[in-house]
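Colleague: Pasting a structure here, questions to come.
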Ligand code: PBG
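Given below as structure tokens:
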């Protein structure tokens, strides 16, 4: 047989350490653990569970489900959940006043969670007006424009009622300028100096949010409108660092990149540039894609989901908001 192996044949053989499972585990640079998971929930005013068709396997939770699900999250070891309201249509208004109602669906849900599990589970609340506005925009609309400074005043009110209800982490997802500093000041003035801010710092105007907007019932309201005047363009990378720098200077405790998988380059840059707690959101459209392919038998659900989470960790994420959180926690336990 012809000898094709000429010259000094490799003394380094990369495959040696890959040969056995124990060795692959031993050299592993990254690991996915249950402590990396943040579990997003949708809640509605009523009882029982409502499936969300574009998020197969994800249900909106009725009031009677919340305490049980909180106990489940603790039992599974999931550190934190994020609550999103499917606000009743009749409560949605032009000025999104319901966002600042201390007795709104989110505040009632937070109080129920805290009554059940106290500090055993972190509770995260979004700050943005879209679940409450009749136009589906994250801010107040004046003459067709989403106005910045006036919106920030309302967001501060929203943050205060959520913190008063027991929310541990305020997560502004609205992308208004200056909101982190304003909310930090408002929280401090209201006696909530220990409430964290996790800023959606680099949030892109993404088509991957579609199923989320179905879940909170804002897609119809938004209609053909877009959020491109405040969310970042997918073309931008340096701009994300600028956003993160501002939010940190204004007092953010941690930052988030969103969407997740198509934006791992941003996660990597943010983490390596700032070295602060960095989270990524595996958004509704990413969940829908993986789920649809798995339902068709085209992808192995568990293997692809676990690989996707490992990719987040490898990119530098300290944690991931993912609708797969419950499944992942169970797989990790098994
Ligand atoms: C609200 C908000 C959105 C998401 C989280 N908070 C939607 C949007 O900005 O339109 C999307 C999350 C997901 O798609 O899973 N501002």
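In this note's numbering, the protein residues as written are 46 to 379.
All residues carry an ideal CB built from backbone N, CA and C; glycine is no exception.
Consult DSSP for residue 108 and reduce its assignment to one of helix, strand or coil.
Modeller: helix
Colleague: Let me know if residue 237 comes out buried or exposed under the rule of 16 or more other beta-carbons within 10 Å of its beta-carbon.
Modeller: buried
Colleague: Is it right to say residue 378 is buried, meaning 16 or more other beta carbons lie within 10 angstroms of its own, or is it exposed?
Modeller: exposed
Colleague: May I ask you to verify whether the stretch 337-348 touches the stretch 241-261, counting CB pairs closer than 8 Å and requiring at least 3?
Modeller: no
Colleague: Tell me where the beta strand (DSSP E) around residue 87 begins and ends.
Modeller: For residue 87, the enclosing beta strand (DSSP E) covers residues 82-89.
Colleague: Could you give the uninterrupted runs of the beta strand (DSSP E) lying entirely in the stretch 182-248, keeping only those of 3 residues or more?
Modeller: 214-217 and 241-248
Colleague: Per DSSP, residue 95 is paired with what?
Modeller: Per DSSP, 105.
Colleague: Report yes if the C-beta distance between residue 208 and residue 215 is below 8 Å; otherwise report no.
Modeller: Yes, these two residues count as a Cβ contact at 8 Å.
Colleague: By the DSSP assignment, the alpha helix (DSSP H) with residue 257 in it spans what residues?
Modeller: 255-260
Colleague: In whole angstroms, give me the CA-to-CA distance for residue 169 and residue 126.
Modeller: Residue 169 and residue 126 have their C-alpha atoms some 6 Å from each other.
Colleague: Under 7 Å: does the beta carbon of residue 359 sit that close to some heavy atom of the ligand PBG?
Modeller: no
Colleague: Tell me whether residue 50 is buried or exposed, calling it buried when 16 or more other Cβ atoms sit within 10 Å of its Cβ.
Modeller: exposed
Colleague: Can you give me the Cβ contacts of residue 295 inside the same chain, cut-off strictly under 6 Å, excluding the 5 residues immediately before and after it?
Modeller: Within the same chain, residue 295 has close Cβ partners 225 and 226.
Colleague: Can you have a look at residue 96 and say buried or exposed, based on whether 16 or more other CB atoms are within 10 angstroms of its CB?
Modeller: exposed
Colleague: Quick check on this structure: which residue in 62, 346 and 194 has the alpha carbon closest to the alpha carbon of residue 332?
Modeller: 346
Colleague: Check whether the Cβ atoms of residue 245 and residue 308 lie closer than 8 Å to each other.
Modeller: no
Colleague: Alpha carbon to alpha carbon, what distance is there between residue 166 and residue 172?
Modeller: 19 Å
Colleague: Identify every residue that forms a DSSP beta bridge with residue 176.
Modeller: None, per the DSSP bridge assignment.
Colleague: Are the stretch 88-95 and the stretch 316-329 in contact at 8 Å, needing three or more beta carbon pairs?
Modeller: Two segments are said to touch when three or more pairs of C-beta atoms, one from each, lie closer than 8 Å; by this definition the stretch 88-95 does not touch the stretch 316-329.
Colleague: Could you give the residue range of the beta strand (DSSP E) that holds residue 158?
Modeller: Taken as a continuous stretch (DSSP letters only), residue 158 belongs to no beta strand (DSSP E), being part of the alpha helix (DSSP H) at 150-162.
Colleague: What is the DSSP secondary structure of residue 361, counted as helix, strand or coil?
Modeller: coil
Colleague: Round the Cβ separation of residue 223 and residue 191 to the nearest angstrom and send it over; I've been treating them as touching at under 8 Å.
Modeller: Between residue 191 and residue 223 the Cβ distance is about 14 Å, and since that is not below 8 Å, they are no contact.
Colleague: Just verifying my parser: in three-state terms, what is the DSSP assignment at residue 46?
Modeller: coil
Colleague: Quick check on this structure: which residue in 353, 151, 251 and 234 has the alpha carbon closest to the alpha carbon of residue 278?
Modeller: 251
Colleague: Tell me whether the stretch 69-88 and the stretch 120-135 touch, counting them as touching only if at least three CB pairs, one residue from each stretch, are closer than 8 Å.
Modeller: yes
Colleague: Give the single residue among 371, 150 and 271 whose Cα lies nearest to the Cα of residue 134.
Modeller: 150
Colleague: Taking 8 Å as the limit between beta carbons, can you name the residues of its chain near residue 187, skipping five residues before and five after?
Modeller: 195
Colleague: List the endpoints of the continuous alpha helix (DSSP H) containing residue 368.
Modeller: Here residue 368 belongs to no alpha helix (DSSP H), and DSSP marks it neither H nor E.
Colleague: Using only CA atoms, which one of 201, 218 and 243 lies nearest to residue 232?
Modeller: Taking only the C-alpha atoms, the option nearest residue 232 is 201.
Colleague: Tell me residue 171's beta-bridge partners as DSSP assigns them.
Modeller: 216
Colleague: Quick check: the Cα distance between residue 289 and residue 319, rounded to an integer number of angstroms?
Modeller: 8 Å
Colleague: What is the DSSP secondary structure of residue 274, counted as helix, strand or coil?
Modeller: coil
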